[in-house]
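Student: Take the sequence shown: its position 78, counting from 1, is numbered 78 in full-length UniProt numbering, and each next residue is one higher.
Take a look at the following structure, please.
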Amino acid sequence: MTDWQATIDACWPAERMVRVGPWTHRITPGAGGRVNAMSGDDVAAIPLAEATARAASQGPSFLIWPGQEALDAALAERGYAIADAVNLWAVDVAALTPAPMPYATAFTIWPPLRIMRDIWAEGGHVGPARQAVMARAADPGGVLARVDDRAAGVGFVAAHGDRAMLSAVEVLARHRRKGVAGNVLRAAAHWAKARGCHQLALVAARDNLPANAAYASHGMQCIAGYHYRRLPE
């Protein structure tokens, strides 16, 4: 799944990404697992990865894709526990863009409006460090969805080749179950289509059952997944 990892790295970019031996080391303090993990596949070089992470004042965090069972088992033997398992969802852009967006339901804009930053802040998951990740993307787009004539949800979309990725989806609690997330998804697909992208993807925590069900209901397919291995605190 290295091609999808390249898409994720481009659409949700780390502050620093360096090669150390067989490992790719991502460093972005305070911005979550995707941009603070090590990836590679050399079981014998695990000590090098651990030393590299600690030299950067990070706890070692390893990103594990399907097909890396040997690395996964070796980390488990060293006491690393599974953390933050996610599903990777994807859909053809054409499937979400058969018609224009209904008037005033959602639109894309960059840089984000203040109300968009306020919604991310209210959700509690996308603070300044994660918003800085968005600003590093080469081709960023913000999504603002409205319902009942009010700002109701936001998202972030970025493109890499013929793929786009949607991240940082947040719907205000008082506006959930009103189709807001679907409008964010469709607006992101229209944005991606305008840039020549053929696929739209996103990642969702595996244990977030409502989100996964919602993405499936919009025709997305769960095409893969990954997890992290970290030492228990």
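Just so you know, even glycine gets a beta-carbon here, dropped at the ideal spot from N, CA and C.
The model shown is predicted, which means the values in this text are computed figures rather than measured ones.
Pairs of beta-carbons, one from the region 184-202 and one from the region 143-152, closer than 8 Å: are there three or more?
Tutor: The region 184-202 is in contact with the region 143-152.
Student: Determine, using beta-carbon pairs with one atom in the region 210-218 and one in the region 112-123, whether at least three such pairs fall under 8 Å.
Tutor: No: fewer than three Cβ pairs fall under 8 Å.
Student: Would D139 and R195 be called neighbours here (beta carbons separated by less than 8 Å)?
Tutor: Their beta carbons are under 8 Å apart, which means D139 touches R195 by this criterion.
Student: Where in the region 76-145 do unbroken runs of the alpha helix (DSSP H), each at least 4 residues long, occur, reported from the N-terminal end onward?
Tutor: Counting only runs of 4 or more, we get 93-96, 114-123, 128-136.
Student: Check A14 in the structure and name its three-state DSSP category.
Tutor: Here A14 sits in coil by DSSP.
Student: Give the DSSP bridge partners of H175, in chain order.
Tutor: Paired residues: none, contrary to the question.
Student: Indicate whether the contact test is met: 3 or more Cβ pairs, each with one atom in the region 158-170 and one in the region 67-87, closer than 8 Å.
Tutor: Too few Cβ pairs lie closer than 8 Å, so no.
Student: I believe A135 touches G127 by the beta-carbon criterion, under 8 Å. Please report the beta-carbon distance rounded to the nearest angstrom.
Tutor: With 8 Å as the limit, A135 and G127 do not qualify as a contact, their Cβ atoms being about 13 Å apart.
Student: Return the residue from the list H175, N208, L209, D162 that minimises the CA-CA distance to A90.
Tutor: It is D162 whose Cα lies nearest to the Cα of A90.
Student: Where do the ends of the alpha helix (DSSP H) carrying T24 lie?
Tutor: From DSSP, T24 is part of no alpha helix (DSSP H) but of the beta strand (DSSP E) over 23-27.
Student: Where DSSP assigns a beta bridge to S61, which residues make up the other side?
Tutor: S61 pairs with R230.
Student: Give the range of the beta strand (DSSP E) segment to which A158 is assigned.
Tutor: Here the beta strand (DSSP E) through A158 covers 150-160.
Student: Return the Cβ separation of A31 and R130 in integer angstroms, given the expectation that the two are a contact with Cβ distance under 8 Å.
Tutor: About 5 Å; that satisfies the 8 Å criterion.
Student: Buried or exposed, going by whether 16 or more other CB atoms sit within 10 Å of the CB of L209?
Tutor: Counting Cβ neighbours within 10 Å, L209 comes out exposed, since fewer than 16 surround it.
Student: Take L231 and list the residues in its own chain whose beta-carbon comes closer than 7 Å to its own, dropping the five residues that flank it on each side.
Tutor: Cβ within range, chain order: G59, P60, G79, Y80.
Student: With hydrogens ignored, establish whether the beta-carbon of V126 is closer than 7 Å to any heavy atom of the ligand FAD.
Tutor: Of the ligands one can find in the structure shown there are none, so the ligand FAD has no counterpart to examine.
Student: For A205, report the span of its beta strand (DSSP E) as first-last.
Tutor: Start and end: 199-205.
Student: Alpha carbon to alpha carbon, what distance is there between D41 and G33?
Tutor: Their backbone Cα atoms lie some 18 Å apart in a straight line.
Student: Can you round the beta-carbon distance between V20 and T28 to whole angstroms, since I take them to be within the 8 Å contact cut?
Tutor: 16 Å between Cβ atoms; not a contact.
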